[in-house]
Amino acid sequence: MSDKNPKAADSPPDSGNSATNQWFDELSDYLKLNDDDHQWPPDDDSIPPPPPQPPLFVPNAAGDFGASGSGGGTTHLHGSSEEISGSHQKRVAFRTKSEVEILDDGFRWRKYGKKMVKNSPNPRNYYRCTVDGCPVKKRVERDRDDPTYVITTYEGNHTHPGSY
DNA sequence: CGACTTTGACCGGCGC
DNA sequence: GCGCCGGTCAAAGTCG
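Taking full-length UniProt numbering, I'd label the letters of the first sequence as residues 1 to 164.
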């Protein structure tokens, strides 16, 4: 890898992939570390998806994500946390290897929208925590290069104990 | 009966 | 000033 980043190499000839890749560009910074020769699944040589592995990933949040779900299938975790200055909300992006996008992270989500984004051939799904008073939102999108991977972006902190 | 999902339309913000 | 994209809300329908 020298100049052909999967992102650049995969960049559509269309115009409008510079500003739209804002978060993707950030993500790519994290994702790229696995695109070339760095796979997080260090020992995925025999990782059967069946085992319920909750995508529990508490970056540094105040234990907001006290998840303890029951898993939704395969889950290879890899994410990036970013604190929004000026806002106490937290944005956390994950890339999870899963056949399903409905990963049970210990919370219940209600889909409130679906949108086709230009950066991805796949639609983006918008979920919201069903718990009253919980401002947490979740954005789920399939990876462009690996449809088997799901990019989940959490926004906000849960104001209620997890585990339903 | 209740809860959740799905589709479409509308609005706002940003960029050119 | 106009156009484009993203994001959210609302209503209806379906399933458990």
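Note that CB positions come from ideal geometry on N, CA and C, so glycine has one too.
Small disclaimer: the values here were computed from a predicted structure and weren't measured.
In the structure shown, the three-state DSSP call for residue 131 is coil.
The alpha-carbon of residue 152 is positioned some 17 Å away from that of residue 130. Spatial neighbours of residue 109 in its own chain (CB-CB distance under 7 Å, excluding positions within 5 residues in sequence) are listed in chain order as 127, 128, 129, 130, 138. Rounded to the nearest angstrom, the gap between the Cα atoms of residue 157 and residue 120 is 27 Å. Contact between residue 147 and residue 125 does not hold, since their C-beta atoms are separated by about 14 Å, which reaches or exceeds 8 Å. Rounded to the nearest whole angstrom, the CA to CA distance from residue 114 to residue 141 is 10 Å. Residue 150 is classed as buried because its beta carbon has at least 16 other beta carbons within 10 Å across all chains shown. Note on geometry: alpha-carbon atoms of residue 96 and residue 135 lie some 23 Å from one another. The secondary-structure analysis by DSSP pairs residue 123 across a beta bridge with 116.
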